[in-house]
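One structure is given here, and the rest of the page talks about it.
2 protein chains.
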Amino acid sequence: MANKAQVLYDFTAEPGNNELTVKEGETITITNQNIGGGWIEAQNSRGEVGLVPEDYIEVNKASPAVGKAAPPDLSFFDTFAPATANVAASNQVDITGCSFQPDTPETPVPSSTSPDEASNGNDPWSAWNSDPPANSANNWAATPEGTETGKAATAGNWDSTAQGHPQAYQGPGATDDDEWDDEWDDVKSTGGYAESEAGEGGANRGAHGSTMKIKFPGFSKSGPELYLLSKQSAKGKEKLPIYMGEVGPVWLYPETQLDCIVADPKKGTKMYGLKSYIEYQIAPNTTNRPVNHRYKHFDWLYERLLDKFGSAIPIPSLPDKQVTGRFEEEFIKMRMERLQGWMTRMCRHPIVSNSEVFQLFLTYKDEKDWKMGKRKAEKDETVGVMIFSTIEPEAPDLDLIDVEQKCEMFSRFTKAMDDGVKDLLNVGQEHWKRCTGPLPKEYQRIGKAFQNLSSVFNSSGYQGEATLTDALTAAGKTYEEIAQMVAEQPKKDLHFLMETNNEYKGLLGCFPDTIGVHKAAIEKAKEADKLVATSKITPQDKVTMAKRVSTMSYALQAEMNHFHSNRIYDYNRVMQQYLEEQVKFYETIAEKLKQAHSQFVTM
Amino acid sequence: MANKAQVLYDFTAEPGNNELTVKEGETITITNQNIGGGWIEAQNSRGEVGLVPEDYIEVNKASPAVGKAAPPDLSFFDTFAPATANVAASNQVDITGCSFQPDTPETPVPSSTSPDEASNGNDPWSAWNSDPPANSANNWAATPEGTETGKAATAGNWDSTAQGHPQAYQGPGATDDDEWDDEWDDVKSTGGYAESEAGEGGANRGAHGSTMKIKFPGFSKSGPELYLLSKQSAKGKEKLPIYMGEVGPVWLYPETQLDCIVADPKKGTKMYGLKSYIEYQIAPNTTNRPVNHRYKHFDWLYERLLDKFGSAIPIPSLPDKQVTGRFEEEFIKMRMERLQGWMTRMCRHPIVSNSEVFQLFLTYKDEKDWKMGKRKAEKDETVGVMIFSTIEPEAPDLDLIDVEQKCEMFSRFTKAMDDGVKDLLNVGQEHWKRCTGPLPKEYQRIGKAFQNLSSVFNSSGYQGEATLTDALTAAGKTYEEIAQMVAEQPKKDLHFLMETNNEYKGLLGCFPDTIGVHKAAIEKAKEADKLVATSKITPQDKVTMAKRVSTMSYALQAEMNHFHSNRIYDYNRVMQQYLEEQVKFYETIAEKLKQAHSQFVTM
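If you're matching them up, the sequences are chains A and B in order. Counted the way this note's numbering counts, the first sequence spans residues 1 to 603. Counted the way this note's numbering counts, the second sequence spans residues 1001 to 1603.
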């Protein structure tokens, strides 16, 4: 078993993780080849033993499980990524993480981030403010002005998405649940999703998923022309009808709404307890049979939904990994709550919830079923703008001016709501800080001052003092209780208001991309005459384009109507909840003070 | 009429007060000699006309009403104040203000103080913090250690009193009601109260009264020996008995408690409307016949009470002049409220309320009655420590150890309560600031954010939006209302808590002086043996001293018991009031939020 291996790349061990720091060119001795998860155990020349990513080393004699190999399906990257250490160290292409980051100024947070920076203590929203507003503003402004929505503009849009969904350090006590597990996920089969797993143990650890998305930026890679001029008609059974409802175009809603419960997070371990992860139970109301998923599976689902529906339906990002509590339990609870929120939103969407991939996620029968479903979903060709080819509005075609007006209106509204939501989040964050910081401290000081006076009075030596001193002590304690109530209240009410608005911020952040596709299509349709004149398209193409732009508009309207009805429901609900808790809060304080009041007597 | 006059001292006109700036040596023409109140109207060489203090000028030909003359009764000052301009400009003696300020580092606030500095806006307690804590601490520490309470120590004590009661700039819009009026007050007759009225128009304007007090620092001028070794027995009818009550030694309380209402402040003018003042109506419950008094009369009463009772009874200072509102009405209201508080406390005191001078103040029949009463009061010889000669405890003499223990206990208690009260005042002031500053701003921002979201939603173009947007607007307005409630609440509850504690701070600030007299007496009694041995006193003197120290102790105990019973009443009452208003406040908020809550609907 004592195979020697050459170290191909520098690897720095993460403290407390049983890892071993190795240098390029170093020779190490493999002490355990069967660790799994992309790791081997090795010993260096100084006798130190630890885990090393298996892709970082080359075993001196041939071995089936260990060895460096480029993932088979990385054809897209092959052009850029010759498998040499020197090139891998460049900024543009980092083969260790398979992440391709054009024009992305932000580097992923390295694993050496100090716990203090990453943990937000009492304020789970401090991360919300770090959301890139400048970039977001760019995003909102970046409506295609010219006639070509070229690759650059598209890349710009994607950049912001990547930034809005950073996969940063998860905070102290967080488990590295996602990046390291391939127990039964066939990673290599996913083409665009191939993880050179060990690579993420290096400098780029934690930078995965979101930056991966840009590899096949489905719908916007080639702009809406793909659909507008496509010869292909919708294949097979996949049809997404749109009806005219009371409020205008609407999706087809199922008779019973899908719902699910995300619960029961369980910690699992692998590699003999060296690595741990969290698995959630998701129980849909259709089967009531729970299925297990880890965050990485949610992330896979998100990628599939984004690829497939992103042009027509804003697919909100998954909860950010870096929003954590100070303790593992808090972190898990917070993530679960947000995954629940995300799943609920997806369940409520008539198109998403009814899609094969979403149903697979919720109702797969066994591992084999899941694996097969995954492969099928990853091979789905009706992605990006091609989703519009499945949409069938039962209504007369709209003319271009109408389409454009509607699109403009949605653009304005979503932008305005984005501003409003961000404003509320800022105000809420401020309020959260005051309620958990200076305000309770002040009530505590008031309480202490009363109690202090009470004990001074107690020392007077005067008879008949007891009633007053008892009452003063009680009043003091009441204000200390109020201090605690004030500090705990935001978790009871502001929390949900913030969560809902945060969810909407995420949703609204998707609209610039979605609306951008529509605007690009409209621009394309507008220049149809010129294109016909210059024989770039046929007159028939022009007719087709106009019809398809109309179809896209129906889709956008149906989606907006879905958004509006959900929004009205959500804000009614969250405001009710917020105000209900606020009423309780103030009533409880009044009741406590009434009690305190009753202890004072005047002759 | 066109008399010429020489200007003796520089005088700077106060803007907006019809005054004329003049320079030493300048020749002016008197245009009206009959202005009164210590002013003449004059014209300078540039033709400008205005008021000039008559004491600042020397008329070229003899004139009965105009001319510089030292007030007749200023014998005390004659030694220090030769009537030359040079000496008058020195720091020690300022004849223009007749204020003698030994060791007082603070100079009176000059009349050029900007309104912004003097007005405290929303926070009438900002001045409380500027109360000299260091000096006050000195005061508490300055218990006589040696056997002699010499003049220096006494002056030190008085300094702090003077500082605790500064007569600073009264803020914009405040009337110079007190210093300028001699309509029917025979100022010149008061000996220790002689005002060289015009003098206060100069640089020292506003520095009067409190600094004047040190001229005849009655009781502490010569220490407790005056009483302890006095041959004189209590004269006439004045007897202050002390009984043994349930709680120990108590004063004789009247069957019905005196009370009075200070109300109906009226602005009067004099000097043809050039100067104005405020007159209050004070109606005692004994006669129900209101009498009129101005602040300066209260101040006169305070001085008399301090002179007469200060050794035995803490006489709290009058409300500070400089604590003002931003507007004249607010200022008058605040002062009246505090004068009421002061009068109520004096009425409640069995010894003070029953005293001739206090009864005179409340029940004088006419101007002649008042004037005669004033003269009599000012000639009262039973002042300072001699008040103890009128006290007759109906109880066996106490031994010195007992006396000393009790005195120590009172000293510790009043010091501890002083700390406690100051702590509460600081906390209250902080809270006041937050409630009137950042907190309502935050609620307003929350309210605005809701309303902003409401108006965004209104622009959606989606049907069936109205219920939500109306509800959101209502919720937003509710939070704006809450903002206002929060900002206004301190005036409704914290105000009275602060006022009461401020009153107690004032009262407690008198104890070091009062207790100091007792401690000095105890020290004196302790060295009686030595004094007998060195034939400084006779053995009979020693017996007398012991008896008199016992009498003093009974007086202190009676006073402490009075203090305690009042304190228990006051704190019960103010806490009841505070908590009652707090309950109302929180209940109202809860009710408003309940209303707002009811407007949201979920389907």
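Ideal placement from N, C-alpha and C gives every residue a C-beta, glycine not left out.
Mapping DSSP to helix, strand and coil, what is residue i?
i	result
D1073(B)	A caution first: D1073(B) carries a pLDDT of 34, below 50, which makes its placement in the model too unreliable to give a value.
A13(A)	coil
L51(A)	strand
V583(A)	helix
P265(A)	strand
I1522(B)	helix
A449(A)	helix
N1649(B)	As shown, chain B starts at 1001 and ends at 1603. That puts residue 1649(B) outside it, with no answer to give.
A377(A)	helix
I1278(B)	strand
A1312(B)	coil
G1428(B)	helix
L1020(B)	coil
Y243(A)	strand
A546(A)	helix
E1041(B)	strand
I1537(B)	coil
Relative to the ligand PLP, is the shortest distance from any of its heavy atoms to the C-beta of residue i smaller than 7 Å?
i	result
D307(A)	The ligand PLP is absent from the structure shown, which contains no ligands of any kind.
Taking C-alpha atoms, which residue in the options lies nearest to residue i?
i	options	result
V1247(B)	I1482(B), N1561(B), G1223(B)	N1561(B)
C1260(B)	L1252(B), Q1340(B), W1300(B)	Q1340(B)
E499(A)	I332(A), Q429(A), R445(A)	Q429(A)
Y277(A)	N292(A), E465(A), A312(A)	N292(A)
I515(A)	F413(A), T602(A), F496(A)	F413(A)
F1585(B)	Y578(A), E580(A), L593(A)	L593(A)
V486(A)	G476(A), L439(A), L240(A)	L439(A)
Y1056(B)	P1490(B), E1048(B), A1042(B), H1431(B)	A1042(B)
I40(A)	W342(A), R46(A), N3(A)	N3(A)
L1228(B)	N1288(B), E1404(B), A1546(B), K1441(B)	A1546(B)
S602(A)	D1570(B), Y1295(B), V1583(B), F1309(B)	The question names Ser, but residue 602(A) is Thr in the sequence shown. When each option's Cα is compared against that of T602(A), the closest is D1570(B).
Q1489(B)	K1296(B), V1583(B), I1030(B)	V1583(B)
G250(A)	A377(A), W342(A), E559(A), Y364(A)	It is Val, not Gly, that sits at residue 250(A) in the sequence shown. The option with the nearest alpha carbon to V250(A) is E559(A).
P319(A)	E328(A), I332(A), P254(A)	I332(A)
Mind checking whether residue i and residue j have CB atoms under 8 Å apart?
i	j	result
E587(A)	A1590(B)	yes
I391(A)	I242(A)	yes
E1019(B)	V1007(B)	no
M575(A)	L1472(B)	yes
L400(A)	P284(A)	no
S1353(B)	C1347(B)	yes
F1011(B)	V1059(B)	no
V357(A)	R294(A)	no
G38(A)	E54(A)	yes
Q1599(B)	D1470(B)	yes
V383(A)	K308(A)	yes
E581(A)	D493(A)	yes
G420(A)	L1453(B)	yes
Inset, instruction - Could you tell me whether the stretch 455–467 of chain A touches the stretch 413–432 of chain A, using the rule of 3 or more Cβ pairs below 8 Å? - result: Touching, no.
Inset, instruction - Could you list the residues in the stretch 1416–1447 of chain B with a C-beta less than 7 Å from some C-beta on chain A, going in chain order? - result: A1416, M1417, G1420, D1423, L1424, V1427, E1430, H1431, R1434, E1442, R1445, I1446
Legend entry - Proximal residues, the stretch 587–598 of chain A versus chain B, C-beta separation under 7 Å: E587, I589, A590, L593, K594, A596, H597
Inset, instruction - Evaluate the contact criterion for the stretch 1476–1488 of chain B versus the stretch 1522–1542 of chain B: three or more CB pairs, one atom per stretch, below 8 Å. - result: Three or more Cβ pairs closer than 8 Å define a contact, and the stretch 1476–1488 of chain B falls short of that threshold against the stretch 1522–1542 of chain B.
Legend entry - Contacting positions in the stretch 1292–1317 of chain B - beta carbon closer than 7 Å to chain A: none
Inset, instruction - Check whether the stretch 1385–1404 of chain B touches the stretch 1550–1565 of chain B, taking contact to mean three or more Cβ pairs, one atom from each stretch, closer than 8 Å. - result: Touching, yes, given that three or more Cβ pairs across the two stretches are closer than 8 Å.
Legend entry - Touching by the beta-carbon criterion (3+ pairs, under 8 Å), the stretch 366–386 of chain A and the stretch 527–539 of chain A: Verdict: no, contact absent.
Inset, instruction - Please list the residues of the stretch 1456–1475 of chain B that have a C-beta atom closer than 9 Å to any C-beta atom in chain A, keeping them in chain order. - result: V1456, F1457, S1459, S1460, G1461, Y1462, Q1463, G1464, E1465, T1467, L1468, A1471, L1472, A1475
Legend entry - Where the stretch 1566–1590 of chain B meets chain A: residues whose CB sits under 7 Å from a CB there: Within the stretch 1566–1590 of chain B, contact with chain A at the beta-carbon level (separation under 7 Å) is assigned to I1568, Y1569, Y1571, N1572, R1573, M1575, Q1576, L1579, E1580, Q1582, V1583, Y1586, E1587, I1589, A1590.
Legend entry - Given 8 Å, three or more beta-carbon pairs between the stretch 495–512 of chain A and the stretch 303–315 of chain A: yes
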